[in-house]
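The opening residue of the sequence shown carries number 4 in the working numbering; numbering runs sequentially from there.
Here the structure comes first, spelled out in structure tokens, and everything after it is commentary.
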Amino acid sequence: MHSLYQAFVEGDPGTAAFQQEIEKLQNIEEKVCSIPDSLNIGCICLSTAPIKDSLHGLAVAWKTRYSTQLHEEAKVTYSVCYLDVCSEPAAQT
Numbered sequence: 004m005h006s007l008y009q010a011f012v013e014g015d016p017g018t019a020a021f022q023q024e025i026e027k028l029q030n031i032e033e034k035v036c037s038i039p040d041s042l043n044i045g046c047i048c049l050s051t052a053p054i055k056d057s058l059h060g061l062a063v064a065w066k067t068r069y070s071t072q073l074h075e076e077a078k079v080t081y082s083v084c085y086l087d088v089c090s091e092p093a094a095q096t
């Protein structure tokens with residue numbers, strides 16, 4: 004997971020690329036959650052809960068990793084905007 008994320012970040016993606024990745028992961032998470040807990044195949048009943056839980060956990064972990072970076076970028080942008088507003092001289096009337 005770490006090496007794939009590092010390769011993504013080293014490509015200097017923008018905010019839109021992070022948002023796109025998060026949206027992909029949300030779609031994957033929704034698909035995983037829509038998998039039934041068991042599948043009946045003839046006379047066999049397969050429990051999908053363990054693999055479903057694992058896949059859901061991985062999707063959440065990836066989504067958290069990408070969204071953390073997105074939040075950090077937003078904090079920096081907000082801080083810069085805030086400092087710009089605070090450093091402007093007050094309008095004189």
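Backbone N, C-alpha and C define an ideal beta-carbon position, used for all residues, glycine too.
For the pair Leu-73 and Phe-21, the CB atoms are nearer than the 8 Å cut-off.
Note on Tyr-81: under 16 other CB atoms within 10 angstroms of its CB, so exposed under the neighbour-count rule. If you compare the alpha carbons of Ser-6, Gly-17, Pro-16, Asn-30 with that of Lys-66, the shortest gap goes to Asn-30. Taking a 10 Å sphere around the C-beta of Glu-76, we find fewer than 16 other C-beta atoms and assign the residue as exposed. When DSSP states are grouped into helix, strand and coil, Cys-36 belongs to the helix group.
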